[in-house]
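Asker:
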Amino acid sequence: MYTPQHFKVVDVAEIKQMIEAQPFGILFSQTEQGPMGTHLPFFLVDEGEYGVLYGHMARANPHWQSTVDNVLVVFSGPHHYISPTWYQKADNVPTWNYTAVHAYGKIEVFEEREALLELLDRSVDFFESGLPKPWKMAESQDYAERILGGIVGFKIVLTKLEGKQKLNQNKSPELQQHVVEALRSQDSAQAAAVAELMERQATKKMAKE
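Adding 73 to a residue's 1-based position in the sequence shown gives its number in the numbering used here.
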């Protein structure tokens with residue numbers, strides 16, 4: 074991923090937090106039919122140097138049958154168009170603020186009944202954990218076991234993580250604040266999320282100075 078130094082996230086723990094905040098990604102790999110991508114939810118387990126991603130996909134999806142060992146998972150975070158008028162200063166051009174993670178690793182597919190049940194149980198616990206009344210796999214255990222034949226599980230042992238937060242860090246604090254205010258004025262959840270990330274970046278930078 075092309076990442077100028079201004080926008081690079083080097084802290085592995087911070088990159089992992091970015092994945093956990095936006096766990097729906099795209100699995101990319103080279104197959105016998107050419108490049109292929111599948112949109113999937115993932116959950117990250119803190120094992121090894123970079124962690125391990127777990128997930129599952131439909132057995133009918135040909136992606137898992139022909140993928141090679143090395144894969145890329147792309148996670149996209151909040152993003153929004155930035156108008157040059159928002160800087161309130163001449164000599165600026167349109168751009169796009171966004172955050173993203175590229176996670177590289179080796180994929181291992183598994184189909185065993187017990188392993189799939191454990192995967193589904195862990196997946197449910199992960200995604201239900203923030204809800205007021207978390208749902209448990211045990212509530213539909215019989216049904217879950219009946220549909221096991223329709224999925225395959227996988228884990229991706231990560232070998233490299235790249236994080237990018239393009240949030241106007243190359244602009245002055247004054248111009249950044251103008252952009253934050255303009256984003257806050259938009260009727261958009263994405264705009265509000267980008268504004269919040271920009272404010273966090275500014276606070277973090279001030280704490281270091």
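Positions of the beta carbon are idealized from the N, C-alpha and C atoms, including for glycine.
Just so we're clear, the structure is a prediction, and the values are computed from it rather than from any experiment.
(1) Here's a check: name, in chain order, each residue in its chain whose Cβ is nearer than 6 angstroms to the Cβ of P235, leaving out the five neighbours to either side.
(2) Okay, do the region 150-169 and the region 245-259 touch, 3+ Cβ pairs below 8 angstroms being the bar?
(3) Tell whether a beta-carbon distance below 8 angstroms holds between H79 and N243.
(4) Does the region 170-189 touch the region 132-142, meaning 3 or more C-beta pairs lie closer than 8 angstroms?
(5) Which full runs of the alpha helix (DSSP H) of 4+ residues lie inside the region 220-275, going along the chain?
(6) Whole angstroms are fine: how far does the CA of S213 sit from the CA of V85?
(7) Short check: CB of L256 to CB of T172, under 8 angstroms?
(8) Near Q259, what residues of its chain come up, given a Cβ to Cβ distance below 8 angstroms and the 5 sequence neighbours on each side ignored?
(9) Determine the closest residue to R219 out of F200, L193, K237, G124, with distance taken between C-alpha atoms.
(10) On the DSSP bridge assignment, give the partners of L145 in chain order.
(11) Roughly how many whole angstroms lie between the Cα atoms of K81 and Y216?
(12) Excluding the 5 residues preceding and the 5 following V166 in the sequence, name in chain order all residues of the same chain whose CB lies nearer than 6 angstroms to its CB.
(13) Who are W159's beta bridge partners in DSSP?
(14) Just verifying my parser: in three-state terms, what is the DSSP assignment at K81?
(15) I think L113 touches G98, with their Cβ atoms under 8 angstroms apart; what is that distance to the nearest whole Å?
(16) With DSSP as the reference, identify every bridge partner of P114, one or two as the case may be.
(17) Three-state secondary structure (DSSP) at W289?
(18) Alpha carbon to alpha carbon, what distance is there between M109 and D164?
(19) Going by beta-carbon coordinates alone, are V141 and G178 separated by less than 8 angstroms?
(20) How long is the line joining the alpha carbons of V125 and K209, rounded to whole angstroms?
(21) Going by other Cβ atoms of all chains shown within 10 Å of its Cβ, with 16 needed for buried, is S245 buried or exposed?
(22) If you draw a straight line from the alpha carbon of E191 to that of F227, how long is it in whole angstroms?
Answerer: By the coordinates alone:
(1) As a working mapping, residue 235 is identified with position 162 in the sequence shown. Note on residue identity: the sequence assigns Glu, not Pro, to residue 235. Once the five neighbours on either side are set aside, the close Cβ partners of E235 are M74, H175.
(2) yes
(3) Position 6 of the sequence shown, counted from the first residue, corresponds to residue 79. Position 170 of the sequence shown, counted from the first residue, corresponds to residue 243. In contact: H79 and N243 (Cβ atoms closer than 8 angstroms).
(4) Touching, yes.
(5) Fully enclosed alpha helix (DSSP H) runs of 4 or longer: 246-257.
(6) As a first step, residue 85 must be located in the sequence shown, where it is residue number 12. As a first step, residue 213 must be located in the sequence shown, where it is residue number 140. Each residue's Cα considered, the two are about 37 angstroms apart.
(7) By 1-based counting over the sequence shown, the position of residue 256 is 183. By 1-based counting over the sequence shown, the position of residue 172 is 99. Taking 8 angstroms as the Cβ cut-off, L256 and T172 do not qualify as a contacting pair.
(8) Residue numbering aside, residue 259 sits at position 186 when the sequence shown is read from its first letter. Closer than 8 angstroms at the Cβ level, and outside the excluded window around Q259, lie H153, A265.
(9) Position 146 of the sequence shown, counted from the start, is the residue given in the question as residue 219. Here the closest residue by C-alpha is L193.
(10) Locating residue 145 in the sequence shown gives position 72, counting from the first residue. Answer is F101, Y177, bridged to L145.
(11) Within the sequence shown, numbered from 1, the residue matching residue 81 stands at position 8. Within the sequence shown, numbered from 1, the residue matching residue 216 stands at position 143. Looking at the two C-alpha atoms, the distance is approximately 45 angstroms.
(12) The sequence position of residue 166 within the sequence shown is 93, counting from 1. Here the set comprises P157.
(13) Indexing the sequence shown from 1 puts residue 159 at position 86. Answer by DSSP bridge pairing: none, since W159 is not bridged.
(14) The sequence position of residue 81 within the sequence shown is 8, counting from 1. Reduced to three states, the DSSP call for K81 is strand.
(15) Here the question's residue 113 lines up with position 40 in the sequence shown. Here the question's residue 98 lines up with position 25 in the sequence shown. Confirmed, Cβ separation roughly 7 angstroms.
(16) Your numbering for residue 114 matches position 41 in the sequence shown. Answer by DSSP bridge pairing, in chain order: F97.
(17) Residue 289 falls outside the range modelled here, since the chain spans only 74 to 282, and no answer is possible.
(18) Start at 1 with the first residue of the sequence shown, and residue 164 comes out as number 91. Start at 1 with the first residue of the sequence shown, and residue 109 comes out as number 36. Spanning the two alpha carbons is a distance of roughly 41 angstroms.
(19) Taking the sequence shown and counting its residues from 1, one reaches residue 141 at position 68. Taking the sequence shown and counting its residues from 1, one reaches residue 178 at position 105. Their beta carbons are not under 8 angstroms apart, which means V141 does not touch G178 by this criterion.
(20) Mapped onto the sequence shown, residue 125 falls at position 52. Mapped onto the sequence shown, residue 209 falls at position 136. If I take the Cα positions, the gap works out to 23 angstroms.
(21) The residue you call residue 245 lines up with position 172 of the sequence shown. Burial call: exposed.
(22) Along the sequence shown, one-based indexing puts residue 191 at 118. Along the sequence shown, one-based indexing puts residue 227 at 154. Using only the alpha carbons, I get a separation of about 12 angstroms.
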